[in-house]
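What follows is a set of notes on a single structure, which appears directly below.
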Amino acid sequence: MSVVSSSPILSPSSGRLSSNSSTNLPLFSTSFTKPISQKRYPLIVFSYKSGTGLTSEDKKELLKRYGLDPDEFLSEPSPKTRRRKEGRGSKLVVSDEKSQEERTTHRLLQVLGGKARRKKLLSPKGMDVRPMMEVVKGAAFDILQSAGGCPASLRPGRWLDLYSGTGSVGIEAISRGCSEVHFVEMDPWVVSNVLTPNLEWTGFLDVSSIHTVRVETFLERAEQFVGKDGPFDYMSVTPPYTAVDYEVLMAQISKSALVGKDSFIVVEYPLRTDMLDTCGCLVKIKDRRFGRTHLAIYGPDWAQKKRKSEKKIPIVT
39 MSVVSSSPIL
49 SPSSGRLSSN
59 SSTNLPLFST
69 SFTKPISQKR
79 YPLIVFSYKS
89 GTGLTSEDKK
99 ELLKRYGLDP
109 DEFLSEPSPK
119 TRRRKEGRGS
129 KLVVSDEKSQ
139 EERTTHRLLQ
149 VLGGKARRKK
159 LLSPKGMDVR
169 PMMEVVKGAA
179 FDILQSAGGC
189 PASLRPGRWL
199 DLYSGTGSVG
209 IEAISRGCSE
219 VHFVEMDPWV
229 VSNVLTPNLE
239 WTGFLDVSSI
249 HTVRVETFLE
259 RAEQFVGKDG
269 PFDYMSVTPP
279 YTAVDYEVLM
289 AQISKSALVG
299 KDSFIVVEYP
309 LRTDMLDTCG
319 CLVKIKDRRF
329 GRTHLAIYGP
339 DWAQKKRKSE
349 KKIPIVT
């Protein structure tokens, strides 16, 4: 395992800033190479939990280096429980720290196709992470495979899984033919207890990179991340519906160096959300509804023409 970023990290043992800290690279990410002799685990380069051993000033300085608001992340919940009156009764509200300790997982999802087909995946219990429904995920990959000219699998390439959560979409991509996937997930607990175990269980840890950072920050600094590899071949965008402004998010993606003229973008969005017919140089090749969920897929113009020509092929009986 090797850490890509040279930015300051928290030492797992002492909680101190490492001596080789640098402010040149604002992204903090974890990249995995195939283990040599022993099982290894990902390093969460920065965690927003308390108890790290840093002083409050150190924490503020570290957050500022990454362009984050210290006031947003360093506000401490009350250690005591609070009671809030609601009508005639009262509701017990437990501190965020306690609720974090009680988070648990279950095996609810599965890989639908490819090398890891039918393998069960972990997901958090409750609604703090909302994975893509399997019917939506299956439809998305069927459309991508058909649009890419290979109905049996994906065209080889690199996949960027934004708001990755359980990693279900990115894992499906590797299983179906992608050579490399980058997962962007800001919740350290999900990274350690859900995403990483899923990658280990499916055997895809050595072709994955995990970025424990906000999606907005990742997109803002895309130019520094793309490097020699260029734009991604695929991108999945599955945010929590109420936490993003889709107009702003899609505008940011369309201008990003992460997207190229031959990229495909899969976007899951809710009802009563207007999605444009284009995303930068890409065109919308499919827009489907699944109950309250919509699925939009953007791709190069040649993919749209291919799908139109396929519809014109007469059926011989």
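For the sequence shown, this note's numbering assigns the number 39 to the initial residue and increments by one for each residue that follows.
Here a beta-carbon is modelled for each residue, glycine too, at the ideal position from N, C-alpha and C.
In the three-state DSSP reduction, P235 falls in the helix class (H, G or I). Separation of the CB atoms of T250 and E223 is rounded to 7 Å, and the pair is thereby assigned contact status at 8 Å. In this structure, V207 keeps its C-beta atom at 9 Å or more from the C-beta atom of S247. The C-beta distance from D199 to S274 rounds to 5 Å, short enough to fall under 8 Å. Residue burial annotation: A260 is buried, with at least 16 other C-beta atoms found within 10 angstroms of its C-beta.
Assignment of D271 by DSSP, reduced to helix, strand and coil, places it in the strand class. In this structure, R145 places its C-beta atom within 9 Å of the C-beta atom of S161.
Straight-line measurement puts the Cα of T240 at about 31 Å from the Cα of T280.
Contact check between the region 278 to 297 and the region 317 to 325: three or more CB pairs, one atom from each, fall below 8 Å, which counts as touching. With at least 16 other beta carbons inside 10 angstroms of its own, P169 counts as buried. Residue pairing from DSSP leaves P278 without any beta-bridge partner. Between G205 and the set R327, P269 and D225, the nearest pair of CA atoms involves D225.
Around F328, the same chain offers M171, V173, V174 and A177 as residues with beta carbons nearer than 8 Å, after the five sequence neighbours per side are excluded.
A buried status is given to G186, since no fewer than 16 other beta-carbon atoms sit within 10 Å of its beta-carbon. If you ignore the 5 residues before and after S213, its C-beta comes within less than 6 Å of the C-beta of V149, G152, K153 and A154, all in its own chain and listed in chain order. In this structure, V232 keeps its C-beta atom at 9 Å or more from the C-beta atom of T276. Here F256 carries a helix assignment [DSSP, helix/strand/coil]. Taking C-beta atoms as the reference points, S301 and G337 count as a pair closer than 9 Å. In chain order, G208, F221, V222, E223 and L233 place their CB closer than 7 Å to the CB of S202, counting only its own chain and leaving out the 5 sequence neighbours on each side. G176: member of the alpha helix (DSSP H) spanning E172 to A185, first to last residue. Within the DSSP bridge table, the entry for I212 names no partner. Between the C-alpha atoms of G268 and R310 there is a straight-line separation of about 34 Å.
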